[in-house]
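Novice:
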Amino acid sequence: MTVAAKKRKLTDEGGAVFDRELDDLPQELRWREWMGRIEAVLFASATPVSRDDLVRLVGQGVSVEMLIEDVQGELVGRPYELAQTAGGWMFRTRTQFADAIKAAADLGDQSLAFTEIEMGVLCAIAYHQPIDRAGLKDIFGKEVSRDLLARLRFKDLIASGPRSPRPGAPHTFVTTATFLVTFDLQSLRDLPELEFHRK
Numbered sequence: 068m069t070v071a072a073k074k075r076k077l078t079d080e081g082g083a084v085f086d087r088e089l090d091d092l093p094q095e096l097r098w099r100e101w102m103g104r105i106e107a108v109l110f111a112s113a114t115p116v117s118r119d120d121l122v123r124l125v126g127q128g129v130s131v132e133m134l135i136e137d138v139q140g141e142l143v144g145r146p147y148e149l150a151q152t153a154g155g156w157m158f159r160t161r162t163q164f165a166d167a168i169k170a171a172a173d174l175g176d177q178s179l180a181f182t183e184i185e186m187g188v189l190c191a192i193a194y195h196q197p198i199d200r201a202g203l204k205d206i207f208g209k210e211v212s213r214d215l216l217a218r219l220r221f222k223d224l225i226a227s228g229p230r231s232p233r234p235g236a237p238h239t240f241v242t243t244a245t246f247l248v249t250f251d252l253q254s255l256r257d258l259p260e261l262e263f264h265r266k
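Those letters in the sequence shown? Residues 68 to 266, per our numbering, in order.
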């Protein structure tokens, strides 16, 4: 039985078949369909979509990277782009439209707005992770409140890391994949180098 016949048989029997190969379509239409699938899945996802997930949408031996490049080519001049980020690809608005987005603040979720101290603690965790509350106190010269850490955890920007070797083995904090996406980093290696100014 041919592959096409097997697909027809499964469909006739009520089985759901996802046709990745699209052998019944001409090559040009097949490529366009694969591009459309990738764009639709990325559009529907609020988080980055991994390469492995995208591979499941297309035929065997098809280059996901080439499909992504073609989708990116079609987005030239649009106010959003398809960007590679931590964990895969995702749609995001272009930076030149940031002011327009801020002007329409009621359209967006403002939960990721930071106070100065929240940003400071988040940076300290990012650069010194895994770090516990005592380590943060050493940096800031005062206790960092549990409420502040809970807010950063609620925003999914930090998570619990390994236990500290300090007495009592307190929990440490590390940044998350959401942190990387929020700050447009592919990995922690992309954090800007810190410049220390001596007084």
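Even glycine gets a Cβ: it sits at the ideal position worked out from N, Cα and C.
Please report whether the beta-carbon of F250 lies at a distance below 9 Å from any beta-carbon of chain D.
Specialist: Any reference to chain D falls outside this structure, which holds one protein chain only.
Novice: Would you call the CB atoms of F246 and L215 closer than 9 Å?
Specialist: Indexing the sequence shown from 1 puts residue 246 at position 179. Indexing the sequence shown from 1 puts residue 215 at position 148. No; because the gap between Cβ atoms is not below 9 Å, this pair is not in contact.
Novice: Which one or two residues does DSSP pair with W52 in a beta bridge?
Specialist: Residue 52 lies beyond the range of the chain shown here (68 to 266); nothing can be said about it.
Novice: In this structure, how does DSSP classify F110 when only helix, strand and coil are distinguished?
Specialist: The count along the sequence shown starts at 1 and reaches residue 110 at position 43. DSSP places F110 in helix when its eight states are reduced to three.
Novice: Can you tell me whether F181 is helix, strand or coil according to DSSP?
Specialist: By 1-based counting over the sequence shown, the position of residue 181 is 114. Correct three-state label for F181: coil.
Novice: Helix, strand or coil, according to DSSP, for T242 in the structure here?
Specialist: For the purposes of this step, residue 242 is identified with residue 175 of the sequence shown, where counting begins at 1. If DSSP states are grouped into helix, strand and coil, T242 belongs with the strands.
Novice: If you draw a straight line from the alpha carbon of S112 to that of E106, how long is it in whole angstroms?
Specialist: Position 45 of the sequence shown holds residue 112. Position 39 of the sequence shown holds residue 106. Using only the alpha carbons, I get a separation of about 10 Å.
Novice: Cutting at 7 Å between CB atoms, please list the residues of its own chain near V138, excluding the five before and the five after it.
Specialist: If you number the sequence shown from 1, residue 138 lands on position 71. So the list reads M102, I105, E106 and L149, once near-sequence residues are dropped.
Novice: What's the gap between the Cα of I198 and the Cα of F240?
Specialist: The residue given as residue 198 occupies position 131 in the sequence shown. The residue given as residue 240 occupies position 173 in the sequence shown. Roughly 5 Å separates the two Cα atoms.
Novice: Taking the C-alpha atoms as reference points, what is the distance between T162 and E100?
Specialist: Residue 162 sits at position 95 when you count from the first residue of the sequence shown. Residue 100 sits at position 33 when you count from the first residue of the sequence shown. If I take the Cα positions, the gap works out to 29 Å.
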